[in-house]
Amino acid sequence: MSETSYDFGMIGLGVMGRNLLLNMADHGFAAIGFDKDISKAALLESSATSDTVVKGVSTLAEMVQQLKRPRKLMMLVPAGPIVDSVIGDLLPLLEKDDIVIDGGNSHYTDTLARINYLKDKGIHFMGMGVSGGEHGARTGPSIMPGGDVEAWKELKPLLEAVSAKVNDEPCVAYMGKGAAGHYVKMVHNGIEYAIMQLISEVYDVLKQSLGLNNDELHEVFKKWNEGALQSFLIEISAAIFLNQDDITKDRLVDVILDKAGSKGTGKWTSQDAMNLPVSIPTIDMAVAMRDLSSYKEERVAAAALYKPKIKTVSNDREKVIAQLHDALYAAMIVCYAQGLSMLHKASAELQMEIPLKDVVRIWRGGCIIRSTLLETFTTAYKRDADLSNILLNKKVASLIKKTQNGLRKTVQRGAAGKIPVAGLSSALGYFDAWCSEKMPTNLIQAQRDFFGAHGYQRVDKEGSFHTEWE
Ligand code: 6PG
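Residue numbers (our numbering): 2 to 471.
Quick look at the structure:
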């Protein structure tokens with residue numbers, strides 16, 4: 002190919018960068034990728050589909066020179082200082098109106114700072130969430146771009162082509178102003194953490210309380226995935242129970258250590274929710290439980306000290322499984338509700354104008370939290386685009402009404418049987434508080450005024466009041 006003839010450039014040819022670029026090439030875009038690691042540039046070329054235009058280079062200048070103008074490039078590098086360092090390297094090579102996308106999981110405040118920094122230099126900088134992992138990147142991820150509208154218009158055809166499709170509709174849409182793309186992706190990940198936590202708790206009850214083996218667990222999850230719980234995370238859970246470990250020949254899931262790491266997006270969601278403030282306790286709990294999982298030695302010592310005796314269930318297996326199904330279903334709805342209510346609040350507070358109807362629409366396919374429930378939410382937001390909490394929608398309410406009993410029973414079973422169900426019970430606790438016309442917060446107001454003269458409001462009069470309590 003002659004110079005200046007590539008449609009799109011990718012910086013960082015790790016798993017995500019390579020696969021997303023190959024996806025672009027599969028859709029007829031001439032794609033060029035850069036990685037300092039020459040073997041990654043070579044792997045890009047060798048994994049390309051025949052008859053596609055794909056080139057791997059190991060200097061940034063080589064890539065930038067060969068891009069059509071205005072240049073369109075994306076970084077898929079680890080979030081943090083590396084993003085700034087790549088921007089620093091890129092700047093002398095770019096021209097006015099070039100478009101630079103950060104497709105990684107950057108913190109939205111970093112993205113905002115970068116947008117402002119690059120705007121002065123005439124560069125369109127866009128924060129964009131990409132979800133779907135390796136497979137999604139290659140075959141169709143859910144894509145969450147935000148910020149620069151001009152850049153979005155320029156990129157729309159390409160992003161629509163490479164994104165996942167649901168009923169022929171692309172799973173990409175403009176997510177709002179400023180760093181909305183990264184904000185929406187952050188909350189997506191918060192919901193991802195929460196749903197994963199809920200699934201793990203239900204697995205725990207099925208395994209420890211009901212004594213299901215991995216084949217039975219597979220069957221339960223497989224069946225669930227064919228019904229109302231249909232979702233990517235249930236689907237992969239079903240598959241996981243069948244995987245065999247090459248070393249021990251046991252099921253792999255049983256030889257994996259019970260400690261989960263994290264890269265921080267769940268924590269950021271919780272931190273930002275507290276700043277707004279908005280309540281997302283199931284996401285908070287999922288972050289807390291992952292953190293607690295890393296205290297393995299302490300947990301082992303505590304188990305030896307307190308000797309929790311798990312209560313097993315020997316009869317009514319089918320009934321308990323049905324309750325667990327409902328518990329997961331209701332709690333999953335609550336997780337989405339928490340995340341979406343956070344987006345609603347953040348959109349107003351940070352003036353992002355996030356279109357929630359498009360958020361749920363593009364989460365229906367390609368992303369990690371895709372599920373059949375998102376179809377219901379899409380219908381709900383079509384009816385009321387400014388819904389502050391999805392639980393206020395009548396259809397969603399009917400689903401919760403049908404399943405909340407299973408959630409209550411499961412939380413009871415967990416508490417009585419000493420199986421930790423902190424995520425499920427946080428979802429129930431949130432739901433019960435959220436639909437309490439009267440919370441016991443009057444007492445908290447009184448206490449604050451008692452010890453700190455913070456004042457309180459009354460039910461019968463406007464204004465702030467103080468009492469000399471003693
Ligand atoms: C996705 C994922 C993806 C990644 C997260 C996981 O949407 O494709 O969310 O972004 O898997 O980084 O985050 P943790 O490492 O924090 O679990």
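By construction, the Cβ of each residue, glycine as well, lies at the ideal position given by its N, Cα and C atoms.
> Shortest alpha-carbon distance to Leu113 belongs to which of Ala289, Ser342 and Val84?
Replying inline: In the sequence shown, the residue the question calls residue 113 occupies position 112. That would be Val84, whose Cα lies nearest to the Cα of Leu113.
> Under a Cβ-count criterion, where at least 16 other Cβ atoms within 10 Å of its own Cβ denotes burial, should His467 be classed as buried or exposed?
Replying inline: The residue given as residue 467 occupies position 466 in the sequence shown. So His467 counts as exposed.
>> Which of the three DSSP states is assigned to Pro146 in this structure?
In response: Here residue 146 refers to the residue found at position 145 of the sequence shown. Looking at Pro146 - three-state DSSP - the assignment turns out to be strand.
> Is the distance from the Cβ of Leu425 to the Cβ of Ala323 below 9 angstroms?
Replying inline: Taking the sequence shown and counting its residues from 1, the one referred to as residue 425 is at position 424. Taking the sequence shown and counting its residues from 1, the one referred to as residue 323 is at position 322. No, these two residues do not count as a Cβ contact at 9 angstroms.
>> Is the beta carbon of Gly147 closer than 9 angstroms to that of Lys73?
In response: Taking the first residue of the sequence shown as position 1, residue 73 is located at position 72. Taking the first residue of the sequence shown as position 1, residue 147 is located at position 146. Taking 9 angstroms as the Cβ cut-off, Lys73 and Gly147 do not qualify as a contacting pair.
> From Glu170 to Met353, what does the alpha carbon distance come to, in whole angstroms?
Replying inline: As a first step, residue 170 must be located in the sequence shown, where it is residue number 169. As a first step, residue 353 must be located in the sequence shown, where it is residue number 352. Cα to Cα, Glu170 sits roughly 24 angstroms from Met353.
> Among the residues of its own chain, which have a CB less than 6 angstroms from the CB of Ile237, if the five just before and after it don't count?
Replying inline: Along the sequence shown, read from residue 1 onward, the residue named residue 237 stands at position 236. Within the same chain, Ile237 has no close Cβ partners at all.
> Among residues of its own chain, excluding the 5 on either side of Ile235, which ones have a beta-carbon nearer than 6 angstroms to its beta-carbon?
Replying inline: For the purposes of this step, residue 235 is taken as the residue at position 234 of the sequence shown. Excluding positions up to five away in sequence, the list reads Phe222, Trp225 and Asn226.
> Less than 8 angstroms between the CB of Ser474 and some heavy atom of the ligand 6PG, yes or no?
Replying inline: As displayed, the chain neither begins before 2 nor continues past 471, which places residue 474 out of reach and without an answer.
> Considering Asp103, what are the terminal residues of the alpha helix (DSSP H) in which it resides?
Replying inline: As a working mapping, residue 103 is identified with position 102 in the sequence shown. That residue, Asp103, is in no alpha helix (DSSP H); its beta strand (DSSP E) goes Ile100 to Asp103.
> Under 9 angstroms, do Phe242 and Asp205 count as touching if we go by C-beta distance?
Replying inline: As a first step, residue 242 must be located in the sequence shown, where it is residue number 241. As a first step, residue 205 must be located in the sequence shown, where it is residue number 204. No; because the gap between Cβ atoms is not below 9 angstroms, this pair is not in contact.
> From this set, Lys97, Val16 and Glu96, which residue's C-alpha is nearest Ser132's C-alpha?
Replying inline: Working through the sequence shown from its first residue, we reach residue 132 at position 131. The option with the nearest alpha carbon to Ser132 is Val16.
> Would you call Cys436 buried or exposed, if buried means 16 or more other Cβ atoms sit within 10 Å of its Cβ?
Replying inline: What you label residue 436 is simply residue 435 of the sequence shown in a count that begins at 1. Classification for Cys436: exposed.
> Do you know whose CA, among Glu376, Tyr382, Leu218 and Leu44, lies nearest Leu325's CA?
Replying inline: The residue given as residue 325 occupies position 324 in the sequence shown. The shortest C-alpha separation from Leu325 is found at Leu218.
>> Can you give me the C-alpha to C-alpha distance between Lys439 and Val203, rounded to a whole angstrom?
In response: Here residue 439 corresponds to residue number 438 of the sequence shown, with the count starting at 1. Here residue 203 corresponds to residue number 202 of the sequence shown, with the count starting at 1. Cα to Cα, the separation comes out at about 31 angstroms.
>> Three or more C-beta pairs under 8 angstroms: does that hold for the stretch 306 to 319 against the stretch 362 to 372?
In response: no
> What distance in whole Å lies between the Cβ atoms of Met64 and Leu473, which are believed to be in contact at a cut-off of 8 angstroms?
Replying inline: Outside the shown range of the chain, which is 2 to 471, sits residue 473, and nothing can be said about it.
>> Considering only the alpha carbon of each residue, which of Ile12, Asn20 and Glu350 lies closest to Ser59?
In response: Position 58 of the sequence shown, counting from 1, holds the residue named residue 59. Of the candidates Ile12, Asn20 and Glu350, the one whose C-alpha sits nearest the C-alpha of Ser59 is Ile12.
> Out of curiosity, what's the CA-to-CA distance linking Ala181 and Ile355?
Replying inline: As a first step, residue 181 is located in the sequence shown; it is residue number 180 there, counting from the start. As a first step, residue 355 is located in the sequence shown; it is residue number 354 there, counting from the start. Straight-line Cα distance between these residues: approximately 7 angstroms.
> Phe378: buried (16+ other C-beta within 10 angstroms of its C-beta) or exposed?
Replying inline: As a first step, residue 378 is located in the sequence shown; it is residue number 377 there, counting from the start. Answer is buried; the Cβ neighbour count reaches 16.
> Sorted by chain position, which residues of the same chain lie with C-beta nearer than 8 angstroms to Lys268's C-beta, five sequence neighbours on each side aside?
Replying inline: Within the sequence shown, numbered from 1, the residue matching residue 268 stands at position 267. Within the same chain, Lys268 has close Cβ partners Val288.
> Ordered along the chain, which non-local residues of its own chain (more than five positions away) have a Cβ less than 7 angstroms from that of Ser348?
Replying inline: As a first step, residue 348 is located in the sequence shown; it is residue number 347 there, counting from the start. The residues are Gly177, Glu354 and Ile355.
>> When you measure from the CB of Gly262 to every non-hydrogen atom of the ligand 6PG, does any distance come out below 8 angstroms?
In response: Looking up residue 262 in the sequence shown gives position 261. Yes.
> What's the gap between the Cα of Ala423 and the Cα of Leu374?
Replying inline: If you number the sequence shown from 1, residue 423 lands on position 422. If you number the sequence shown from 1, residue 374 lands on position 373. So the two alpha carbons sit approximately 23 angstroms from each other.
> If Ser294 sits next to Ala261, beta carbons under 8 angstroms apart, how far is it from one beta carbon to the other, in whole angstroms?
Replying inline: The residue you call residue 294 lines up with position 293 of the sequence shown. The residue you call residue 261 lines up with position 260 of the sequence shown. Rounded, the Cβ-Cβ distance is 5 angstroms, consistent with contact.
>> Can you tell me whether His136 is buried or exposed? The criterion is at least 16 other CB atoms within 10 Å of its CB, across all chains shown.
In response: The count along the sequence shown starts at 1 and reaches residue 136 at position 135. So His136 counts as exposed.
>> Taking the straight line between their C-alpha atoms, what separation do you get for Asp433 and Cys172?
In response: Counting from 1 along the sequence shown, the entry for residue 433 is found at position 432. Counting from 1 along the sequence shown, the entry for residue 172 is found at position 171. Those two C-alpha atoms are separated by around 33 angstroms.
> How many whole angstroms separate the CB atoms of Ile100 and Ala152, which I take to be in contact at a CB cut-off of 8 angstroms?
Replying inline: As a working mapping, residue 100 is identified with position 99 in the sequence shown. As a working mapping, residue 152 is identified with position 151 in the sequence shown. Their Cβ separation, rounded to whole angstroms, is 5 angstroms, which keeps Ile100 and Ala152 in contact under 8 angstroms.
>> Is any non-hydrogen atom of the ligand 6PG found closer than 8 angstroms to the C-beta of Cys336, if you look at the structure I gave you?
In response: Locating residue 336 in the sequence shown gives position 335, counting from the first residue. Every heavy atom of the ligand 6PG is 8 angstroms or more from the Cβ of Cys336, so no.
>> For Asp90 and Leu61, which I take to be in contact (beta-carbon distance under 8 angstroms), what is that distance rounded to the nearest angstrom?
In response: The residue given as residue 90 occupies position 89 in the sequence shown. The residue given as residue 61 occupies position 60 in the sequence shown. The Cβ separation is near 6 angstroms, so the contact holds.
>> For Glu299 and Gln245, I'd like the C-alpha separation in whole angstroms.
In response: Numbered from 1 along the sequence shown, position 298 holds the residue referred to as residue 299. Numbered from 1 along the sequence shown, position 244 holds the residue referred to as residue 245. The straight-line gap from Cα to Cα measures roughly 30 angstroms.
> According to the Cβ coordinates, are Leu95 and Ile124 closer than 9 angstroms?
Replying inline: Here the question's residue 95 lines up with position 94 in the sequence shown. Here the question's residue 124 lines up with position 123 in the sequence shown. Going by C-beta atoms, Leu95 is nearer than 9 angstroms to Ile124.
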